[in-house]
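J.:
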Amino acid sequence: MKILSNIGKYFLMLQNVFGKFTKWRILKQLILKDIDTLIIGSLGIVAFISFFVGGVVSIQTALNLENPLLPKNLIGFATRQSVILEFAPTFISVIMAGKVGSYITSSIGTMRVTEQIDALEVMGINTYNYLVFPKIVALSLYPLIICLSMFLGVFGGYIACVYGGFSSSTEFIEGIQLDFIPFHVTYAFIKTAFFSFILATIPSYHGYYMTGGALEVGKASTVSFVWTSVVIILLNYLITQLLLT
Amino acid sequence: MIHVENISKSFDGTPVLRGMSTVFDKGKTNLIIGQSGSGKTVFLKCLLGLFETDSGRIKFENKALDEMTNKDRSILRQEIGMVFQGSALFDSMTVEENIMFPMQMFTKKEDEEIRERANQVIKRVNLINANEKFPDEISGGMKKRVAIARSIVMNPKYLFCDEPNSGLDPKTAILIDNLIQEITEEYDITTVINTHDMNSVMEIGEKIVFLKNGKKAWEGTKKEIFNTDNEAVTNFVYSSDLFKKVREVYLKN
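Protein chains in written order, with this note's numbering: chain A, 366 to 610; chain B, 4 to 256.
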């Protein structure tokens, strides 16, 4: 029953987010600030993880190609497929649920604990729109992060494979061009668009409706990470089932 | 003027306010006093519309809060200034930006004009060299001044303060009390203050409402509080030896 009540409250929150809009000159500043914190601030960690995980995927594939009859370009092929289809859109999103999601929950939660949200409400401001909408807009740029992750993942795989002596540069590049289906990229970005909305709204929900003090802010961040990850994984399954089967 | 008519509020079946009625006059400093858990903060949040009451009615200048449309409520809220217990300043903004914020949000004035008005109220609350500082860089007393400045920058009709001098030293607490009273008279506004502080009661209590178990147990002025026979009030107000002696001296004279 509690889950149903929370789901209901979540959708009511979404309705209010698109209710009375905050003045544009204030909203503009909030959106730019959130782009800086949520998008620009995440580039470093996403680049680092993507590059090295891409490298590891390529090495693991190479080490498992024991049969000499299998062509070496399979390393590039497998790296591309893993990175574009799953690693970049889904696993980076789960990582972002930890980084960006915790930030959103704790920042909104702290505003709740210190009565800043009450202060906004007393002024007659639609706090849902003021706090959540800029995050939704900022995270609409999230596919750019995934684009970077895809590129660096494959690039990391290339570096690890070629400089690790597992295949030649030509074989790897041949592999990443092999049986390329452009819809796979579209599928990855469709997933990403859904995940970006989830990343903005579920942590906001947990921050907005939290009660208690500083300790509860920490607990809310953890709960928010768990639920954001669960929803991302379930949605990933659903979208894959709908688009690829 | 605010009329409160028989309001009740409960949480999960536990009553917090039980048939509370009173009137807060314009241009006066109205104090709500009572022990912790007596329902003061819930009462204040009901007045602000942050909590919906279960029954009863709150009227601002004869306009009932529960009959107001969203637009009316929005307009009313722009006429309300609120000083929260913890000041509730926006962490990400400087002192000046905090004070400018309500005007940026609700007026079409240019930034220069807004800054000018913000600096007027900054001067009024005696904040010196704090414009560019962030809330975590200033003292508790200064935070209260910023909160007061932010609450009066839009020339409100109503000012609500939740324990405005909690956590302050006695000297600063009196300065904050006096500042609130001066502003109340200067702007001719209806001020409602939640407090535990007996110094505030004696200094600025033009009308005092005593809450006990969610009910109004007594109301009167700061002069009347010396003469009252109400045991609940005397037990609460004169719980310290100092105040007992003050009362004895006052009654002798």
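Don't be surprised by glycine CBs; every beta carbon is placed ideally from N, CA and C.
Quick check on residue 101/B: does DSSP put it in helix, strand or coil?
T.: Three-state result, residue 101/B: helix.
J.: Just to confirm, are residue 84/B and residue 167/B a CB contact at a threshold of 8 Å?
T.: no
J.: Using the beta-carbon of each residue, which ones in chain A are nearer than 9 Å to residue 80/B?
T.: Ordered by position in chain A, the residues that pass the 9 Å Cβ test against residue 80/B are 486, 487, 488, 489, 490.
J.: Is there a C-beta anywhere in chain B that falls below 8 Å from the one on residue 481/A?
T.: yes
J.: Under 8 Å, do residue 121/B and residue 145/B count as touching if we go by C-beta distance?
T.: no
J.: Does the CB of residue 390/A have a neighbour CB from chain B at under 8 Å?
T.: yes
J.: Is there contact between the stretch 14 to 30 of chain B and the stretch 600 to 607 of chain A, where contact requires at least three CB pairs shorter than 8 Å?
T.: no
J.: How is residue 167/B classed by DSSP in three states: helix, strand or coil?
T.: coil
J.: On the DSSP bridge assignment, give the partners of residue 6/B in chain order.
T.: 26/B, 62/B
J.: State yes or no: is the beta carbon of residue 85/B nearer than 8 Å to at least one beta carbon in chain A?
T.: yes
J.: Using 8 Å as the Cβ pair cut-off and three pairs as the minimum, do the stretch 492 to 511 of chain A and the stretch 442 to 458 of chain A touch?
T.: yes
J.: Can you grab the Cα-Cα spacing for the pair residue 555/A / residue 377/A, in whole Å?
T.: 25 Å
J.: Buried or exposed: which applies to residue 461/A, given that a residue is buried once 16 or more other Cβ atoms fall within 10 Å of its Cβ?
T.: Around the Cβ of residue 461/A, a 10 Å sphere holds 16 or more other Cβ atoms; the residue is buried.
J.: Which whole-angstrom value is the C-beta distance of residue 57/B and residue 11/B, which I expect to be below 8 Å?
T.: 5 Å
J.: With 8 Å set as the bound, which would you pick, yes or no: does the beta-carbon of residue 71/B sit closer than that to a beta-carbon of chain A?
T.: Among the residues facing chain A, residue 71/B is not included, as its CB has no counterpart in that chain under 8 Å away.
J.: If we cut at 8 Å on Cβ distances, does residue 18/B have a partner in chain A?
T.: For residue 18/B, the closest Cβ of chain A is not nearer than 8 Å.
J.: Applying a beta-carbon distance threshold of less than 8 Å, which residues of chain A neighbour residue 108/B?
T.: When 8 Å is used as the limit between beta carbons, residue 108/B is near these residues of chain A: 387, 388, 391, 488, 490, in chain order.
J.: In chain order, what are the residue ranges of uninterrupted alpha helix (DSSP H) at least 4 long that sit wholly in the stretch 505 to 586 of chain A?
T.: Whole alpha helix (DSSP H) segments, 4+ residues: 507 to 528, 534 to 542, 547 to 573.
J.: DSSP state of residue 90/B, grouped into three classes?
T.: coil
J.: Drop a sphere of 10 angstroms on the beta-carbon of residue 433/A, count the other beta-carbons inside from all chains shown, and report buried for 16 or more, exposed for fewer.
T.: Burial state of residue 433/A is exposed, judged by a 10 Å Cβ sphere holding fewer than 16 other Cβ atoms.
J.: Could you name the residues of the stretch 99 to 127 of chain B whose beta carbon sits closer than 7 Å to any beta carbon of chain A, in the order they occur along the chain?
T.: 105, 107, 108
J.: Between which two residues does the beta strand (DSSP E) harbouring residue 219/B extend?
T.: 218 to 223
J.: Report back the beta-carbon spacing between residue 479/A and residue 89/B to the nearest angstrom; my notes put them in contact at under 8 Å.
T.: 6 Å
J.: From residue 119/B to residue 151/B, what does the alpha carbon distance come to, in whole angstroms?
T.: When the Cα atoms are used, residue 119/B and residue 151/B turn out to be separated by approximately 17 Å.
J.: Under 9 Å Cβ-Cβ, which residues of chain A neighbour residue 53/B?
T.: 483, 486, 487
J.: Three or more beta-carbon pairs under 8 Å between the stretch 520 to 531 of chain A and the stretch 420 to 436 of chain A, yes or no?
T.: yes
J.: Taking DSSP as the reference, what is the three-state secondary structure of residue 207/B?
T.: helix
J.: Going by alpha carbons, who is nearest to residue 409/A out of 440/A, 560/A, 464/A?
T.: 464/A
J.: Short check: CB of residue 483/A to CB of residue 239/B, under 8 Å?
T.: no
J.: So, under 8 Å CB-CB, residue 161/B and residue 82/B are touching, yes? Tell me the CB distance rounded to an integer number of Å.
T.: 6 Å
J.: Closest to residue 394/A by C-alpha separation, out of 539/A, 578/A, 498/A, 548/A, would be which residue?
T.: Checked all of 539/A, 578/A, 498/A, 548/A; the closest Cα to residue 394/A is 498/A.
J.: Check each residue of the stretch 151 to 170 of chain B: if its Cβ is closer than 7 Å to any Cβ of chain A, include it; give the result in chain order.
T.: none
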